[in-house]
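*Asks:* Let me give you the structure first, and then I'll get to my questions.
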Amino acid sequence: MERQNDYDDIPGTTVFDAERARRGYHLNMFCMSLMKAENRAAFKADQAAFLQRFPMTPEQREAVLQRDWNRMIELGGNIYYLAKLFSTDGKSFQFTAAQMTGMSQEQYAQMMLAGGRSPDGNRSKSEWKDRG
Amino acid sequence: MARIYAGLTTSHVPAIGAAIDLGKTAEPYWRPVFEGYEFSKHWVSQQPPDVIILVYNDHASAFSQEIIPTFALGCADRFEPADEGWGPRPVPSVLGHAELAAHIAQSVILDEFDLTIVNKMEVDHGLTVPLSLVFGQPAEWPCRVIPLAVNVVQYPPPTGHRCFEFGRAIARAVESYPEDLRVMVWGTGGMSHQLQGQRAGLINQKFDNHFLDTIGPDPVALTRISHLEYLRESGSEGIELVMWLIMRGALHEHVRVLHRFYHVPASNTAVGHLLLDNT
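Going down the list, the protein sequences come from chains A and B.
Counting in the numbering used here, the first sequence runs from 1327 upward without gaps.
Counting in the numbering used here, the second sequence runs from 3 upward without gaps.
Here it is, written out as structure tokens:
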């Protein structure tokens, strides 16, 4: 049974708690391996084969191959670990954040220049009900 | 006797480090950020510390999911910059102060703060970006640095109250060290930001400005902010602000704010910076 937590009500946000960390352990340890240049090279040469070195779930492997960042987070990934993966791709935090929000990087950068996403209307899932 | 004569807080956004390393500090996007540190750069150069106790968090660089210490004190003589996936930052090695660090470890553990002693550790942008902001690009860092890494990556980080009390224990430890040393304590991370999910890009200027205004005169009020409130109001990564409370706990009840700076954005993050006089 999934535990209910007070922070589950925050929309568009996945808190990397002990349970998610447990589920994401091998996904995150795969990302850690990319801190070594030789692993980055091996991963780039054959991504699917490299992922077989880690006892991840098929869903986690698929999310990595698709670079589906929200799905990786849902499956226990944490952004600071996933940073090793998007850095290997030559991408930035801002590029990845934009992808997770469904905005273009240009739109996202403009939002940040205009002061960022307001907390108003973004505190509770009840405020996101009308969103698709 | 060693004494803590000042405190400093700052965000430690990795893109700020990249802007320094790539020579982009004069670009229109970055110039306002770096101008906000000019006062403190000058002040610290005029009143240099012997040692900085630098509170920061590791971003899955030295520590992975294999070991997650809540509080880890760097007790080594030397700490090398970490390769975070794009090669180590081109910054000097960080020289520790092993004797003072060992004294702090022994003192705070007997004071009931059971921290982890680390004798081998690389340090990432969380530690080196604040040094670059204040000291620029020297061939060697001008003082010793004791890294104090706090887990804020895997939930839950320590509470703000616990961090504040830990800071007080650090102050007791420093004050009982016999050598005359001028010590600064830096609290880094924050301010509001969220790097993940559909809510990424959250910035809460009201929350941040209240935090900046309150940490000097009434830090105890900030120790009552719950983790839920940090997550909801300052974003999933804004909870790093608990680290500022370790710095504040290490200072006296009354401090003087010498400099205050706030700017949005640096990449995904609100930048906040304070310099506090503790004499």
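Backbone N, C-alpha and C define an ideal beta-carbon position, used for all residues, glycine too.
A quick note: this is a predicted structure, and the numbers were derived from the prediction, not measured.
1. So, does the CB of TYR58/B fall closer than 8 Å to a CB anywhere in chain A?
2. Using a Cβ-Cβ cut-off of less than 7 Å, list which residues of the stretch 1379-1393 of chain A approach chain B; keep chain order.
3. Per the contact definition of three or more C-beta pairs closer than 8 Å, is the stretch 1341-1359 of chain A in contact with the stretch 150-159 of chain B?
4. For VAL152/B, report the span of its beta strand (DSSP E) as first-last.
5. Is VAL259/B helix, strand or coil by DSSP?
6. Taking CB distances under 8 Å as the criterion, tell me whether HIS61/B reaches chain A.
7. Do MET186/B and ILE22/B have their C-beta atoms within less than 8 Å of each other?
8. Taking just the CA atoms, how far does CYS77/B sit from ALA103/B?
9. Please state whether DSSP places PHE1380/A in a helix, a strand or coil.
10. Residues in its own chain within less than 6 Å of PRO221/B by CB, not counting five upstream and five downstream?
11. Who are the Cβ neighbours of HIS105/B in its own chain at under 6 Å, not counting the five residues just before and after it?
12. Do you know how far the Cα of SER194/B is from the Cα of GLN1392/A?
13. Quick check on the burial criterion: 16 or more other C-beta atoms within 10 angstroms. Buried or exposed for LEU197/B?
14. Report yes if the CB atom of ARG184/B is closer than 8 Å to the CB atom of ASP279/B, and no otherwise.
15. Among the candidates LEU56/B, PRO92/B, PHE65/B, SER42/B, whose CA atom is the shortest distance from the CA of GLY189/B?
16. Could you spell out the range, first to last residue, of the alpha helix (DSSP H) harbouring ARG164/B?
17. For chain A, find out if any of its Cβ atoms is closer than 8 Å to the Cβ of GLU235/B; answer yes or no.
18. Kindly indicate which residue of ASP116/B, GLY240/B, ARG201/B, ASP182/B has the alpha-carbon position closest to the one of PHE209/B.
19. Sorted by chain position, which residues of the same chain lie with C-beta nearer than 6 Å to ALA64/B's C-beta, five sequence neighbours on each side aside?
20. Is the Cβ-Cβ distance between ILE205/B and ARG1449/A less than 8 Å?
21. Whose Cβ in chain B lies nearer than 8 Å to the Cβ of LEU1360/A?
22. Rounded C-beta distance between MET1361/A and LYS1417/A? I'm assuming under 8 Å.
23. For TRP1395/A, which residues in the same chain have their Cβ closer than 7 Å to its Cβ, ignoring the five residues on either side in sequence?
24. Answer with yes or no whether the minimum CB distance from LEU247/B to chain A is below 8 Å.
25. Using a C-beta cutoff of 8 Å, does LYS1410/A count as contacting chain B?
26. Please state whether the Cβ-Cβ distance between GLY1441/A and ARG201/B is less than 8 Å.
27. Can you list, in chain order, the residues of its chain whose CB lies under 6 Å from that of PHE115/B, leaving out five sequence neighbours each side?
28. Under 7 Å Cβ to Cβ from GLU142/B, same chain only, skipping five residues before and after it: list those, please.
29. What does GLY199/B reach in chain C if we use C-beta pairs closer than 7 Å?
30. Rounded to whole angstroms, what's the CA-CA distance from PRO30/B to ARG174/B? Just pull it up for me.
31. Got a sec: is the Cβ-Cβ distance from ASP1334/A to anything in chain B below 8 Å?
32. Residues of chain A with a CB under 7 Å from the CB of PRO267/B: which are they?
33. Quick one, which residues of the stretch 20-41 of chain B are near chain A if we go by CB-CB under 7 Å, in chain order?
34. Are three or more beta carbon pairs between the stretch 219-234 of chain B and the stretch 1370-1378 of chain A nearer than 8 Å?
35. What does ALA1367/A reach in chain B if we use C-beta pairs closer than 8 Å?
36. Determine the extent of the alpha helix (DSSP H) in which ILE18/B is found, giving its start and end residues.
*Replies:* Based on what the coordinates show:
1. In the second sequence, the residue the question calls residue 58/B occupies position 56. At a cut-off of 8 Å between beta-carbon atoms, TYR58/B makes no contact with chain A.
2. Per Cβ criterion, the list is empty.
3. yes
4. Here residue 152/B refers to the residue found at position 150 when the second sequence is read from its first residue. In the DSSP assignment, VAL152/B falls within the unbroken beta strand (DSSP E) covering 146-152.
5. Here residue 259/B refers to the residue found at position 257 when the second sequence is read from its first residue. DSSP places VAL259/B in strand when its eight states are reduced to three.
6. Counted from its first residue, the second sequence places residue 61/B at position 59. It does; some Cβ of chain A falls within 8 Å.
7. Indexing the second sequence from 1 puts residue 186/B at position 184. Indexing the second sequence from 1 puts residue 22/B at position 20. Cβ distance not < 8 Å, so MET186/B and ILE22/B don't count as in contact.
8. Indexing the second sequence from 1 puts residue 103/B at position 101. Indexing the second sequence from 1 puts residue 77/B at position 75. Answer to the nearest angstrom: the Cα atoms are 5 Å apart.
9. Taking the first residue of the first sequence as 1, we reach residue 1380/A at position 54. In this structure, PHE1380/A counts as coil in the three-state DSSP scheme.
10. Counting from 1 along the second sequence, the entry for residue 221/B is found at position 219. These residues qualify, in order along the chain: ARG250.
11. Mapped onto the second sequence, residue 105/B falls at position 103. Hits under 6 Å: TYR179.
12. Translated into positions along the first sequence, residue 1392/A becomes position 66. Translated into positions along the second sequence, residue 194/B becomes position 192. Whole-angstrom Cα-Cα distance: 30 Å.
13. Stepping through the second sequence from its first residue, residue 197/B is reached at position 195. Flag for LEU197/B reads buried.
14. Numbered from 1 along the second sequence, position 182 holds the residue referred to as residue 184/B. Numbered from 1 along the second sequence, position 277 holds the residue referred to as residue 279/B. Cβ atoms of ARG184/B and ASP279/B: not closer than 8 Å.
15. Counting from one through the second sequence, the residue named residue 189/B turns up at place 187. Minimum Cα distance to GLY189/B is reached at LEU56/B.
16. Counted from its first residue, the second sequence places residue 164/B at position 162. ARG164/B -> alpha helix (DSSP H) spans 162-177.
17. On the second sequence, residue 235/B is found 233 positions in, with the first residue counted as 1. GLU235/B counts as touching chain A.
18. Here residue 209/B corresponds to residue number 207 of the second sequence, with the count starting at 1. If we check each option's Cα against that of PHE209/B, GLY240/B comes out closest.
19. To locate residue 64/B, count along the second sequence from 1; it is residue 62. Closer than 6 Å at the Cβ level, and outside the excluded window around ALA64/B, lie MET123, GLU124.
20. Position 203 of the second sequence, counted from the start, is the residue given in the question as residue 205/B. Position 123 of the first sequence, counted from the start, is the residue given in the question as residue 1449/A. It is not a contact, given that the beta carbons lie outside the stated cut-off.
21. Taking the first residue of the first sequence as position 1, residue 1360/A is located at position 34. Here the neighbours are GLY87.
22. The residue you call residue 1361/A lines up with position 35 of the first sequence. The residue you call residue 1417/A lines up with position 91 of the first sequence. Wrong, their Cβ atoms sit about 16 Å apart, outside the cutoff.
23. Within the first sequence, residue 1395/A is the residue found at index 69, counting from 1. Only LEU1408, THR1422, GLN1425, MET1426 meet the Cβ criterion.
24. Counted from its first residue, the second sequence places residue 247/B at position 245. So, not an interface residue.
25. Counting from one through the first sequence, the residue named residue 1410/A turns up at place 84. Interface residue, yes.
26. If you number the first sequence from 1, residue 1441/A lands on position 115. If you number the second sequence from 1, residue 201/B lands on position 199. Not in contact: GLY1441/A and ARG201/B (Cβ atoms no closer than 8 Å).
27. Walking along the second sequence from the start, residue 115/B turns up at place 113. Closer than 6 Å at Cβ, skipping near neighbours: PHE168, ALA171.
28. Translated into positions along the second sequence, residue 142/B becomes position 140. These residues qualify, in order along the chain: PRO94.
29. Of the chains in the structure shown, none is chain C; the protein chains are A and B.
30. Against the second sequence, residue 30/B aligns to sequence position 28. Against the second sequence, residue 174/B aligns to sequence position 172. If you take the alpha carbons of PRO30/B and ARG174/B, they lie about 44 Å apart.
31. Locating residue 1334/A in the first sequence gives position 8, where the first residue counts as 1. Not closer than 8 Å to any Cβ of chain B, the Cβ of ASP1334/A fails to qualify, so no.
32. Within the second sequence, numbered from 1, the residue matching residue 267/B stands at position 265. Simply MET1438, LEU1439, GLY1442.
33. Result list empty, no residue passes.
34. no
35. Counting from 1 along the first sequence, the entry for residue 1367/A is found at position 41. What ALA1367/A touches in chain B: nothing, since even the nearest Cβ is about 13 Å away.
36. Working through the second sequence from its first residue, we reach residue 18/B at position 16. Residues 16-23.
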